[in-house]
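If you read the sequence shown in UniProt numbering, its first letter stands for residue 1, the second for the next number, and so on.
All residues carry an ideal CB built from backbone N, CA and C; glycine is no exception.
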Amino acid sequence: MKIGWPLLVIIFLASSDLLAQTSVGIRGGFTESSASYRVTLGSFPRSVTGFTAPTYSLVIEQFFEKNAGAQVEFQFLTTGYAATDTINTGNETQFDYIKIPILSNFYLGNSGRFHIKLGPHVGYLLDVRDVNRVVEGELVIPTYGQPADEPRKLMYGLTAGVGISKLFGKHTLQGEVRYSYEFGRPESQERIFDINFTQLEFSLAYLFRVLE
Numbered sequence: 001m002k003i004g005w006p007l008l009v010i011i012f013l014a015s016s017d018l019l020a021q022t023s024v025g026i027r028g029g030f031t032e033s034s035a036s037y038r039v040t041l042g043s044f045p046r047s048v049t050g051f052t053a054p055t056y057s058l059v060i061e062q063f064f065e066k067n068a069g070a071q072v073e074f075q076f077l078t079t080g081y082a083a084t085d086t087i088n089t090g091n092e093t094q095f096d097y098i099k100i101p102i103l104s105n106f107y108l109g110n111s112g113r114f115h116i117k118l119g120p121h122v123g124y125l126l127d128v129r130d131v132n133r134v135v136e137g138e139l140v141i142p143t144y145g146q147p148a149d150e151p152r153k154l155m156y157g158l159t160a161g162v163g164i165s166k167l168f169g170k171h172t173l174q175g176e177v178r179y180s181y182e183f184g185r186p187e188s189q190e191r192i193f194d195i196n197f198t199q200l201e202f203s204l205a206y207l208f209r210v211l212e
């Protein structure tokens, strides 16, 4: 992963003959995460409470045409769950990731624009911690903050967002709502059959045009 991140940026920027302009900036906001799991094959999915955490990104955005473009982000993201139902009250784990969304952008409008963003994302686990570890057993969602839990490091999935953009010369302000679904899962020891995470993000971004 450490080798792959710079390579993604180089490939992304190498298409200079197709680009009309390039902007860089920062994005910040908060994420509401949630999770669901199945303890065995054929069992009913169970939902557990997520939590809200801040998120930050470095953004590189490029326009290919008047109303279309693409962007790469390097995002710090915290996700996880808090198991609060009557069976597994008390277990809570949080995961810190570096997440890289690679998004296609579509715009409608001129200086004030509506936009849609869609694409895959990959990520790498930086840290994991158990906030609470109260209940253990075959019918509960496991925790991942202890060395023996051995969570998988890789995350991957799809991200989609909608929002509005306002241009002020070389400056752009964006407000956006995003939804992400994870195909990867942290469980590596088959303690439960399946676990899935989703994130709902609310953010603001500031971009500055650096190339035309």
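Three-way DSSP call (helix, strand, coil) for residue i in this model
i    : result
P120 : strand
E212 : coil
F197 : strand
S188 : coil
F202 : strand
M1   : With a pLDDT of 47 at M1, under the threshold of 50, the modelled position of this residue cannot be trusted; read the value that follows with caution. It is coil, neither helix nor strand.
Distance between residue j and residue i (C-alpha atoms, nearest Å)
i    : j    : result
F106 : H121 : 18 angstroms
D17  : L207 : For D17, the predicted structure reports a pLDDT of 46, less than 50, and the residue's modelled location is therefore unreliable. A value from the coordinates is still provided. Cα-Cα distance, rounded: 22 angstroms.
H171 : F44  : 49 angstroms
R133 : E92  : 7 angstroms
L103 : K66  : 16 angstroms
S203 : A70  : 18 angstroms
D130 : L154 : 19 angstroms
Sequence-distant residues of the same chain with beta carbon closer than 6 angstroms to residue i, five excluded per side
i    : result
E187 : I195
R113 : Y107, S165
A160 : L118, Y179
S34  : G50, T198
S57  : R27, E73, Q75
Close Cβ partners of residue i (< 8 angstroms) along its chain, the five nearest in sequence each way excluded
i   : result
F95 : T78, T79, G80, L125, D127, V128, Y144, P151, P186
Q21 : Q62, F63, R209, L211, E212
Other residues of its chain near residue i: CB distance less than 7 angstroms, five sequence neighbours each side excluded
i    : result
G25  : V59, A205, Y206, L207, F208
S23  : E61, T172, L207, F208, R209, V210
F183 : Y156, G157
Below-8 angstroms beta-carbon distance, residue i vs any chain D residue
i    : result
F168 : Among the chains in the structure shown there is no chain D, since it carries only a single protein chain.
Which ranges would you report for the beta strand (DSSP E) in the UniProt domain "Outer membrane protein beta-barrel" (23–181) if only whole runs of at least 3 residues count? 46–48, 52–65, 68–82, 92–109, 112–132, 154–168
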